[in-house]
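In the working numbering, the protein residues as written are 286 to 803. These notes concern the structure reproduced below.
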């Protein structure tokens with residue numbers, strides 16, 4: 286099976302909306318339009334090189350891994366590449382928490398990330414390097430993998446020029462504390478050296494079972510750390526952000542006595558796990574949060590907020606981030622002249638596809654836990670319509686192309702995924718649901734005999750209620766109304782929508798795909 290070869294020249298327009306919203310003053314405060322990274326972008330990282338900002342975010346189980354974005358203003362972003370087109374040899378899943386770092390002396394970019402080691406089953410912090418932020422990235426494998434798991438790597442240089450890797454020990458997965466560790470790393474970032482040092486752990490009542498997602502920056506003779514605590518995900522999340530400071534990187538660290546400093550507001554909930562970056566004289570925090578209006582269906586979106594300072598030198602927030610971005614700014618249309626970088630697939634199940642004058646040709650399979658070959662993308666709104674024009678193929682009725690929205694059976698830890706969709710199988714339109722290898726045909730309708738292509742539509746409201754229809758002789762026909770797809774959403778990671786090709790190796794053809802957000 287072949288993997289799609291993505292062109293780095295293809296820029297993603299889906300995240301670059303609202304181009305009229307530019308900084309009021311390049312050296313001063315930014316006119317923020319949130320979310321700055323619409324759609325599921327957990328654990329965002331950001332660095333500045335020259336006049337350009339670079340960002341990435343968690344991929345979870347969707348490849349290619351770790352999208353790379355660039356911006357000149359921290360608000361309007363465009364995707365330029367991915368860190369990895371293929372799965373790193375040592376890792377199997379849980380591709381979380383990328384952190385970009387730039388070594389100016391070396392002229393090299395480093396990407397720290399978390400993944401699960403296929404040989405031990407443990408979570409590990411690994412590193413890759415590249416000559417430029419766009420890549421290509423060369424993977425160097427794991428740096429640390431403790432018995433309880435190691436996640437959320439972050440690079441810091443101390444006053445003596447020593448480079449340290451900071452990370453969280455994932456004790457909460459076993460009911461244990463979650464220390465933040467620091468250990469020196471060699472200049473090539475290939476190995477940790479010396480002894481590890483505990484910075485702080487979850488010892489405050491508001492922090493609950495964990496602290497994680499550390500980001501460290503220097504200001505006013507202090508090292509400051511933002512960090513997150515609580516439950517990050519699902520409807521019951523209570524994630525919050527705190528701050529700590531120290532005169533020396535290795536401590537002692539003092540936590541702010543008025544933590545947490547970033548909490549829920551009217552528009553966003555469960556805010557945290559981000560990175561601090563400087564713009565002009567000010568610091569900004571790029572973090573993830575759920576839209577209050579959308580529950581967990583969209584996933585954790587990238588939100589930007591300015592840091593303020595107390596009279597006694599603590600970084601705090603106004604907690605006034607709003608949902609400002611117009612939904613229509615992330616509308617998307619694809620006629621498949623080229624393969625756009627927005628398309629993703631299950632990280633361990635790459636697809637065989639080609640694009641050109643005939644549109645998208647997608648080889649059908651029974652992969653992805655019976656759903657078929659998948660090309661999908663994150664959603665950016667809770668109210669939207671998805672359409673696709675698919676060819677009516679002469680088959681035995683077992684091979685077909687579908688519009689689909691996919692989630693997961695539980696939390697995405699390698700468990701089966703689940704989906705619902707509407708597809709054309711021979712001369713029949715079917716609405717189907719697949720979960721835990723159990724396929725249900727919810728509705729089936731015969732097509733008119735003279736149709737060469739069929740336009741399929743899913744209209745989604747409130748993030749999870751789906752109306753399915755198809756177009757015949759210029760008229761829309763109802764296939765199934767008001768289906769509740771809510772139980773299919775995975776562990777707060779948001780739905781993906783796109784195309785599925787199910788069958789025994791034949792090809793299906795899709796001429797056009799579009800998302801219209803409301």
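Beta carbons: idealized from backbone N, C-alpha and C, even for Gly.
| field | Which listed residue (670, 634, 348) has its alpha carbon closest to that of residue 741 | value | 670
| Which whole-angstrom value is the C-beta distance of residue 249 and residue 684, which I expect to be below 8 angstroms? | The structure shown has nothing for residue 249, since the chain only spans 286 to 803.
| request: Closer than 6 angstroms by C-beta to residue 725: which residues in its own chain qualify, once you throw out the five before and the five after it? Chain order, please. | output: 718
| query | With which residues is residue 352 paired in a DSSP beta bridge? | reply | 367
| query | Alpha carbon to alpha carbon, what distance is there between residue 564 and residue 311? | reply | Interpretation of residue 311 is limited by its pLDDT of 45, a score under 50 that renders its predicted location unreliable; the figure taken from the coordinates is listed afterwards. About 8 angstroms.
| request: Kindly indicate which three-state DSSP category residue 615 falls into: helix, strand or coil? | output: helix
| request: Measure from the alpha carbon of residue 556 to the alpha carbon of each residue in 515, 711, 722, 594, then state which is nearest. | output: 515
| query | Would you call the segment 331-342 and the segment 557-576 in contact, with 3 or more CB pairs under 8 angstroms? | reply | yes
| task | Give every residue of the same chain whose Cβ lies closer than 7 angstroms to the Cβ of residue 587, excluding the five residues on either side of it in the sequence, and list them in chain order. | result | 320, 321, 322, 326, 329, 342, 571, 573
| field | Counterpart residues of residue 557 in DSSP-defined beta bridges | value | 573
| said: Any contact between the segment 456-467 and the segment 485-499? By contact I mean 3 or more CB pairs, one from each, below 8 angstroms. | reply: yes
| Proximal residues to residue 791 (C-beta, below 6 angstroms), its chain only, five neighbours per side dropped | 649, 684
| query | Expressed to the nearest angstrom, what Euclidean distance is found between the alpha-carbon atoms of residue 347 and residue 702? | reply | 11 angstroms
| What first and last residue would you give for the beta strand (DSSP E) that runs through residue 707? | 703-710
| query | Can residue 413 and residue 379 be called in contact, C-beta distance under 8 angstroms? | reply | no
| query | Helix, strand or coil: which one does DSSP assign to residue 715? | reply | strand
| request: Measuring alpha carbon to alpha carbon, tell me which of 624, 733, 582 ends up nearest residue 775. | output: 582
| If you draw a straight line from the alpha carbon of residue 492 to that of residue 558, how long is it in whole angstroms? | 13 angstroms
| said: residue 682 and residue 706 - do their beta-carbons sit closer together than 8 angstroms? | reply: no
| Is it buried or exposed for residue 423, if we count other Cβ within 10 angstroms and need 16 for buried? | exposed
| message | Using only the alpha-carbon positions, how far apart do residue 240 and residue 798 sit? | response | Any question about residue 240 goes unanswered here, given that the chain covers just 286 to 803.
| query | residue 466 bridges to which residues according to DSSP? | reply | 452, 483
| field | Selection from 332, 803, 382, 734 that minimises the alpha carbon distance to residue 610 | value | 803
| said: Using 8 angstroms as the threshold, is the C-beta distance between residue 528 and residue 509 below it? | reply: yes
| Contacts around residue 804, its chain only, beta-carbon distance under 6 angstroms, and the 5 residues preceding and following it disregarded | Since the first and last residues shown for the chain are 286 and 803, residue 804 lies out of range.
| Close Cβ partners of residue 696 (< 7 angstroms) along its chain, the five nearest in sequence each way excluded | Annotation note: pLDDT 47 at residue 696 (below 50); position unreliable, no value reported.
| query | So the beta strand (DSSP E) residue 527 belongs to, where does it begin and stop? | reply | 525-531
| query | For residue 443, which residues from the same chain have a beta carbon less than 6 angstroms from its beta carbon, with the 5 sequence-adjacent residues on both sides left out? | reply | 534
| residue 580 versus residue 409: straight-line alpha-carbon distance, rounded | 30 angstroms
| field | In DSSP terms, what residue 648 is bridged to | value | 792
| field | Exposure label - residue 607; buried when at least 16 CB within 10 Å | value | exposed
| Contact test: residue 356 Cβ vs the ligand ATP heavy atom, cutoff 7 angstroms | Ligands displayed in this structure: none; no statement on the ligand ATP is therefore possible.
| task | Reducing DSSP to helix, strand and coil, say where residue 457 ends up. | result | helix
| task | Identify whether residue 491 lies in helix, strand or coil by the three-state DSSP scheme. | result | helix
| Mapping DSSP to helix, strand and coil, what is residue 534? | coil
| request: Return the residue from the list 664, 678, 754, 715 that minimises the CA-CA distance to residue 735. | output: 678
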